[in-house]
Amino acid sequence: MKETFRRKAFGAAIVLGLGLGVSTTPVLAQESTDPIKIAMFDWTSVNLNATILAQILKAKGYNVELVTSDYLSSLQTGLQTGDLTIGMEFWDTTAGEAMAAADASGKTEKLGALGPKAKEEWWYPLYMKEKCPGLPNWEALKEPACAEAFSTPETAPKGRYVGGPVTWEGFDDERVEALGLPFEVIHAGTDAAMFAELESAYQRQAPVMLWVYSPHWAPAKYKGEWVEFPEHSKACYEDPSVGINPDMAYDCGKPHGEIWKNGWAGMKDKWPVAHKIATNYSISADELNALSGQVDLDGKPIEEVAAAWIAANQAKVDAWAQ
184 MKETFRRKAF GAAIVLGLGL GVSTTPVLAQ ESTDPIKIAM FDWTSVNLNA
234 TILAQILKAK GYNVELVTSD YLSSLQTGLQ TGDLTIGMEF WDTTAGEAMA
284 AADASGKTEK LGALGPKAKE EWWYPLYMKE KCPGLPNWEA LKEPACAEAF
334 STPETAPKGR YVGGPVTWEG FDDERVEALG LPFEVIHAGT DAAMFAELES
384 AYQRQAPVML WVYSPHWAPA KYKGEWVEFP EHSKACYEDP SVGINPDMAY
434 DCGKPHGEIW KNGWAGMKDK WPVAHKIATN YSISADELNA LSGQVDLDGK
484 PIEEVAAAWI AANQAKVDAW AQ
């Protein structure tokens, strides 16, 4: 995979100077000139949304910084203290509990749904189905021949499942144990590494099972299916007696739901118009998939992709501040 924006944009906090054809106006007199700090995480779509919002706010005259952050701990620390102002994507699938705890503190607030619905689960290319014909039913993975079809020399006879970075949690190790799956979980170091492995395997028609999520360009580009695990429930994650395995929790699939914007509770008083813009901000799954592909697959700079989207949607963007 071509080098993505992450290697260009990550590291220290990035102080935005992203005009890129967007005219600036003086910051509103009643609003603070302190920097609005927008979180950058370790996947493409969230950083596209962060960059789009940053460019919009910069054009309004705000002082804006993009700050490299940890996904879940940002809800526990930065957004509660005001060291971060807003995170553009918190998925019910992985951050539901952390969001609930942060919002209960009164120090953070949900700024509305982003737009796309969140789905993430074990995923395999369609060409693997002939080697494991019981798929997408999860019980097919328990068959030794199926597990071996997904194996590598390092994991054989167990299948190999490529999970997301450990900071995403996801409870795949617990799921494998609770459901008695003959698979070994290997956590990718980064989002980019995970999808580079998918690209390589797909080109070679090699076995691969990995964590794929939507919105993302991958399920649109590649033909494949998500494994159908027992339906997720909160009780399944918390009560071992619930579900297929009476002795262990996590014996079900991953949750699904909304993708939320979440911000520091003080934002609405300190930057009221910026708060309104962030609250009204929305984008569709199809748009986000296409934009992510431009960055990850076509190698376009994230700032350029963001600016082009703003230019094409200027009327909608202007309405967000009304």
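Its first residue numbered 184, the sequence shown is counted upward by one per residue in the working numbering.
The beta carbon of each residue, even a glycine, is placed where N, CA and C say it ideally should be.
Residue i burial status per 10 Å Cβ neighbour count (16 or more: buried)
i: residue 198; result: No answer about residue 198 holds up, because its pLDDT of 40 lies below 50 and its placement is not dependable.
i: residue 208; result: No answer about residue 208 holds up, because its pLDDT of 48 lies below 50 and its placement is not dependable.
i: residue 388; result: exposed
i: residue 309; result: exposed
i: residue 252; result: buried
i: residue 494; result: exposed
i: residue 202; result: For residue 202, the predicted model reports a pLDDT of 41, less than 50, meaning its position is unreliable; a value from the coordinates is still stated below. Answer is exposed; the Cβ neighbour count stays below 16.
i: residue 414; result: exposed
i: residue 337; result: exposed
i: residue 418; result: exposed
Range covered by the alpha helix (DSSP H) that runs through residue i
i: residue 492; result: 485-495
i: residue 228; result: 227-242
i: residue 415; result: First-last for residue 415: undefined, no H or E at that position.
i: residue 251; result: Counting along the chain, residue 251 falls outside any alpha helix (DSSP H), though it belongs to the beta strand (DSSP E) covering 247-251.
i: residue 459; result: 455-463
i: residue 376; result: 374-387
i: residue 262; result: 261-264
i: residue 329; result: 327-332
Among the options, the one whose alpha carbon lies nearest that of residue i
i: residue 377; options: 215, 225, 221; result: 225
i: residue 502; options: 467, 473, 484, 457; result: 457
i: residue 306; options: 220, 390, 268; result: 390
i: residue 294; options: 218, 455, 405; result: 455
i: residue 296; options: 273, 311, 287; result: 273
i: residue 284; options: 303, 318, 426, 260; result: 260
i: residue 312; options: 420, 409, 448, 453; result: 409
i: residue 361; options: 434, 491, 395, 370; result: 434
i: residue 373; options: 450, 214, 247, 254; result: 254
i: residue 213; options: 234, 474, 329, 244; result: 244
i: residue 262; options: 422, 289, 436, 479; result: 289
i: residue 231; options: 499, 468, 504; result: 468
i: residue 276; options: 399, 441, 349; result: 441
i: residue 221; options: 385, 215, 235, 267; result: 267
i: residue 258; options: 316, 445, 326; result: 445
i: residue 439; options: 247, 281, 215, 304; result: 304
i: residue 334; options: 269, 298, 365; result: 365
Cross-strand partners of residue i (DSSP beta bridge)
i: residue 273; result: 443
i: residue 397; result: 302
i: residue 345; result: 369, 393
i: residue 408; result: 307
i: residue 296; result: 443
i: residue 291; result: 447
Beta strand (DSSP E) segment containing residue i, residue limits
i: residue 352; result: Looking at the DSSP string, residue 352 is not in any beta strand (DSSP E), and its letter there is neither H nor E.
i: residue 431; result: Looking at the DSSP string, residue 431 is not in any beta strand (DSSP E), and its letter there is neither H nor E.
i: residue 473; result: Per DSSP, residue 473 belongs to no beta strand (DSSP E); it is in the alpha helix (DSSP H), 468-479.
i: residue 222; result: 219-223
Residue i beta carbon near the ligand COA (any heavy atom closer than 7 angstroms)
i: residue 341; result: Ligands displayed in this structure: none; no statement on the ligand COA is therefore possible.
Subject >> Given 8 angstroms, three or more beta-carbon pairs between the stretch 224-240 and the stretch 460-479 >> reply: yes
Original post:
Can we say the stretch 390-399 touches the stretch 329-347, given the rule of at least three CB pairs closer than 8 angstroms?
Top reply: yes
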